[in-house]
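Residue numbers (my numbering): 385 to 688. Okay, structure first, notes after.
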Ligand code: KIV
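Laid out in structure tokens, this is it:
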């Protein structure tokens, strides 16, 4: 059963969904906002059941789910499928689709067209765009089309090469000021919220205090208005090197591996399936079947 409407319209929240305006109210009340990434329907459902406020269908999927070495290869088609799956599973949290590299860099029109696809085809409530500079007019154009936009500055993985790798940003006074300027500009462009990734905690705290929109930190200290972690990092499912800011709350990868080993052992030892996993048929039907099968075999033997 689909929980969300099949054809959601922009700015038309589904029943039971968190209102986007609630996020600014949470900031004002100093109530921390919880965001987590998810990439499929069970993930959306579990994040909802756990009380997450926001679910980001991150382009981190390129690495965590699709096995790439960076987020750059994620495509619109892949992100649409993953976002659609998450919105089928999640009811209360707002679902934010991460616009993949190439989907918003070319022009405001292109960016708006792709953002609209996330809302119309995948049921997303909002989209996220990395960067400032040219991203500002993209954000403005998308907001103008009625779609809420989350900004993302600091370490922006889509431009990691330009930034000199996956490393913390804004560690000099000059760079920190640029981040503050970018944050203000994204707020003015109409963003409803801003991800701060891998920036010094003191810089994130200052940005958070200056903005009226909530900041969501990842590697940005405790003073952000909310925090986000990537599903696979948080749950211990990602085997690559993880960043300093990751905290693993479980080792689900180990649990899955152990379960799969038990399954393989049972299959090889013929301990699975057992009677309760097996279908039977009425004895008289079985007798008829066996008789008919034997007759067919004899007929086939006679013909050879
Ligand atoms: O793609 C992603 O998961 C993200 C988060 C790290 C914020 O952008």
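Glycine included, C-beta positions come from ideal geometry on N, C-alpha and C. Computed from a predicted structure; not experimentally measured.
Integer-rounded CB distance, given that residue j should sit under 8 angstroms from residue i
i, j, result
"residue 470", "residue 424", "7 angstroms"
"residue 467", "residue 502", "6 angstroms"
"residue 441", "residue 482", "6 angstroms"
"residue 585", "residue 604", "7 angstroms"
"residue 400", "residue 476", "6 angstroms"
"residue 619", "residue 582", "Between residue 582 and residue 619 the Cβ distance is about 21 angstroms, and since that is not below 8 angstroms, they are no contact."
"residue 531", "residue 499", "5 angstroms"
Neighbourhood of residue i by C-beta, 7 angstroms cutoff - its chain only, sequence neighbours within 5 removed
i, result
"residue 407", "417, 576, 577 and 598"
"residue 523", "513, 533, 535, 570, 573, 574 and 575"
"residue 491", "none"
"residue 592", "599, 607, 608 and 609"
"residue 389", "Legend: pLDDT at residue 389 = 46, less than 50; position of this residue unreliable, value from coordinates given subsequently. Taken in chain order, the residues that qualify are 398."
"residue 587", "554, 560 and 563"
"residue 474", "428, 429, 431, 432 and 439"
"residue 506", "464, 467, 468, 471 and 481"
Alpha-carbon to alpha-carbon, residue j and residue i
i, j, result
"residue 430", "residue 580", "25 angstroms"
"residue 564", "residue 646", "52 angstroms"
"residue 684", "residue 644", "42 angstroms"
"residue 489", "residue 621", "31 angstroms"
"residue 589", "residue 511", "24 angstroms"
"residue 485", "residue 632", "27 angstroms"
"residue 413", "residue 403", "15 angstroms"
"residue 519", "residue 487", "11 angstroms"
"residue 446", "residue 405", "30 angstroms"
"residue 542", "residue 456", "6 angstroms"
"residue 642", "residue 613", "25 angstroms"
"residue 680", "residue 617", "58 angstroms"
"residue 434", "residue 420", "10 angstroms"
"residue 624", "residue 516", "29 angstroms"
"residue 630", "residue 409", "27 angstroms"
"residue 426", "residue 451", "20 angstroms"
"residue 682", "residue 674", "12 angstroms"
"residue 462", "residue 493", "21 angstroms"
"residue 558", "residue 521", "24 angstroms"
"residue 670", "residue 444", "53 angstroms"
"residue 653", "residue 640", "20 angstroms"
"residue 651", "residue 668", "30 angstroms"
"residue 666", "residue 657", "20 angstroms"
"residue 556", "residue 546", "17 angstroms"
"residue 678", "residue 504", "58 angstroms"
"residue 548", "residue 415", "35 angstroms"
Cβ neighbours of residue i in the same chain (closer than 8 angstroms, five flanking residues each side left out)
i, result
"residue 411", "417, 596, 597, 598 and 609"
"residue 649", "655"
"residue 338", "The structure shown has nothing for residue 338, since the chain only spans 385 to 688."
"residue 594", "564, 567 and 568"
"residue 688", "none"
Cross-strand partners of residue i (DSSP beta bridge)
i, result
"residue 581", "538 and 602"
"residue 439", "420 and 479"
"residue 510", "480"
"residue 533", "511"
"residue 613", "420"
Closer than 7 angstroms: residue i CB and nearest the ligand SAH heavy atom
i, result
"residue 442", "In the structure on display, the ligand SAH does not appear, and the ligands it does have are the ligand KIV."
Same chain, Cβ closer than 6 angstroms to residue i, neighbours up to 5 away in sequence not counted
i, result
"residue 703", "Lying outside 385 to 688, the shown extent of the chain, residue 703 is not represented and no answer is given."
"residue 449", "423"
"residue 496", "525, 526 and 529"
"residue 686", "none"
"residue 508", "467, 479, 481 and 502"
"residue 676", "none"
"residue 601", "580, 588, 608 and 611"
"residue 672", "none"
"residue 552", "582"
Query raised in the report: Counting Cβ pairs closer than 8 angstroms, one from the region 659 to 670 and one from the region 629 to 637, do we hit at least three?
Result: Not touching, per the Cβ criterion.
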